[in-house]
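**Student:** Here you go, one structure.
Number of protein chains: 2
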Amino acid sequence: MIMDISDLKLLSLLQQNAKTSIQEMAAHISASTASVQRRLKSLRESGVIKKEAAILDQKKLGFGITAIVSVELERDRLDQINAFKQKAKQDGQVTNFYCIAGDADFVMIVVAKDIADYEKFTHRFFFADKNVRKFRTSIVVSTEKATLDLPL
Amino acid sequence: MIMDISDLKLLSLLQQNAKTSIQEMAAHISASTASVQRRLKSLRESGVIKKEAAILDQKKLGFGITAIVSVELERDRLDQINAFKQKAKQDGQVTNFYCIAGDADFVMIVVAKDIADYEKFTHRFFFADKNVRKFRTSIVVSTEKATLDLPL
DNA sequence: GTTGAAAGGTTATTACG
DNA sequence: CGTAATAACCTTTCAAC
Numbered sequence: 026m027i028m029d030i031s032d033l034k035l036l037s038l039l040q041q042n043a044k045t046s047i048q049e050m051a052a053h054i055s056a057s058t059a060s061v062q063r064r065l066k067s068l069r070e071s072g073v074i075k076k077e078a079a080i081l082d083q084k085k086l087g088f089g090i091t092a093i094v095s096v097e098l099e100r101d102r103l104d105q106i107n108a109f110k111q112k113a114k115q116d117g118q119v120t121n122f123y124c125i126a127g128d129a130d131f132v133m134i135v136v137a138k139d140i141a142d143y144e145k146f147t148h149r150f151f152f153a154d155k156n157v158r159k160f161r162t163s164i165v166v167s168t169e170k171a172t173l174d175l176p177l
Numbered sequence: 026m027i028m029d030i031s032d033l034k035l036l037s038l039l040q041q042n043a044k045t046s047i048q049e050m051a052a053h054i055s056a057s058t059a060s061v062q063r064r065l066k067s068l069r070e071s072g073v074i075k076k077e078a079a080i081l082d083q084k085k086l087g088f089g090i091t092a093i094v095s096v097e098l099e100r101d102r103l104d105q106i107n108a109f110k111q112k113a114k115q116d117g118q119v120t121n122f123y124c125i126a127g128d129a130d131f132v133m134i135v136v137a138k139d140i141a142d143y144e145k146f147t148h149r150f151f152f153a154d155k156n157v158r159k160f161r162t163s164i165v166v167s168t169e170k171a172t173l174d175l176p177l
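Residue numbers (our numbering), protein chains in the order written: chain A, 26 to 177; chain B, 26 to 177.
Set out below in structure tokens:
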């Protein structure tokens, strides 16, 4: 996939607002709407744009707690690692999941309604799982999310 | 803000695809397009929908490295903490930033083109900052991002 | 005040030069 | 690649509840 500055500009615009109109984008890169359309098509098909999604406010949805949890598994066996990954991926309270180089280590971002609800999560997700050797929780106080800077 | 099951369904749809048409949403909740429109309006105005954005593929944009970095500051002075937060928020390579309860501790998700580029980032961001007492880097091997499960 | 059906306007898409 | 025609969509109005 070959990309030029115009493509990057489109990505930057869409990253800030997925509802930016094609006309507006066309104006930004001084091109026709058809050109923008074709660019978007290939950006989507090539997977550079993974998805266009609504970002929701967790607090306003009743998830007052965010936690960063680092997890260590009992053994570094691939099937166990994959099983754990799968479990995390499917869980509605796990919003992000990172697999760390080196050991059987993971970092996950978990949301919960309150502390009691987080407790319940740990029982369900960690204590009930024989593969989990240990886990360490850090409660998040505030979050800032930046957007990816593109080399325009 | 009062929300019912239909609102949650709309959020769930938009979380998966921000380009879902109003007609399609109306079909899902068995309502008119005008009703969906009114619901979306208040969901946006109340901030439950924070933004609608394109999610980009970092690897395909040339950012091959993702790192989780935990950072400890020299002192817990509020102005220093805020200055650091601000710096992180504005930095194009810092995609996520979490402020941890307790001490002057942070966790950030950082992207870089390659290891050398990450080195440069650490020099710029950590070594050049007298407030940073220490930082610890974990390189991310794989990432899974789940969506928030809504109680439908 | 809230709702849904339908009209009217805007935007996205496709076909063609 | 851009223009223009087509199609899809969004928005507003308005009447009924």
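Cβ atoms here follow ideal geometry from the backbone N, Cα and C, with glycine treated the same way.
Quick one: complete beta strand (DSSP E) runs, 3+ long, within the stretch 101 to 174 of chain A?
**Tutor:** Those beta strand (DSSP E) runs which fall completely within the stretch 101 to 174 of chain A and span 3+ residues are 119 to 125, 130 to 137, 157 to 170.
**Student:** When you compare the stretch 152 to 171 of chain A with the stretch 118 to 134 of chain B, are there three or more beta-carbon pairs, one atom per stretch, that lie closer than 8 Å?
**Tutor:** Counting Cβ pairs under 8 Å, three or more are found: they touch.
**Student:** So the alpha helix (DSSP H) residue 58/B belongs to, where does it begin and stop?
**Tutor:** From DSSP, the alpha helix (DSSP H) with residue 58/B extends over 58 to 70.
**Student:** If you reduce the DSSP assignment to three classes, tell me which class residue 37/B lands in.
**Tutor:** Helix at residue 37/B.
**Student:** DSSP state of residue 55/B, grouped into three classes?
**Tutor:** It is coil, neither helix nor strand.
**Student:** Going by CA-CA distance only, name the one from 155/A, 87/A, 59/A that's closest to residue 173/B.
**Tutor:** Ranking the options by Cα distance to residue 173/B, first place goes to 87/A.
**Student:** In chain order, what residues of the same chain lie with their CB nearer than 7 Å to the CB of residue 48/B, ignoring the 5 residues before and after it?
**Tutor:** Same-chain partners within the cutoff: 58.
**Student:** When the cut-off is 8 Å and only beta carbons count, does residue 93/A lie next to chain B?
**Tutor:** It does; some Cβ of chain B falls within 8 Å.
**Student:** To the nearest angstrom, how far is it from the Cα of residue 45/A to the Cα of residue 77/A?
**Tutor:** Those two C-alpha atoms are separated by around 12 Å.
**Student:** Specify the secondary structure class of residue 47/A as computed by DSSP and reduced to three states.
**Tutor:** Three-state DSSP puts residue 47/A in a helix.
**Student:** What are the start and end residues of the beta strand (DSSP E) that includes residue 86/A?
**Tutor:** Element bounds for residue 86/A: n/a, residue is neither H nor E.
**Student:** If you draw a straight line from the C-alpha of residue 103/A to the C-alpha of residue 156/A, how long is it?
**Tutor:** Roughly 12 Å separates the two Cα atoms.
**Student:** With a threshold of 8 Å between beta-carbons, can residue 122/A be considered close to chain B, or not?
**Tutor:** Yes, residue 122/A counts as interfacial toward chain B.
**Student:** May I have the straight-line CA-CA distance separating residue 176/A from residue 114/A, to the nearest angstrom?
**Tutor:** Near 31 Å, if we compare the C-alpha coordinates of residue 114/A and residue 176/A.
**Student:** Give me the chain A residues within the contact set of residue 40/B, using Cβ-Cβ distance strictly less than 7 Å, ordered along the chain.
**Tutor:** Those are 78, 79, 81, listed as they occur along chain A.
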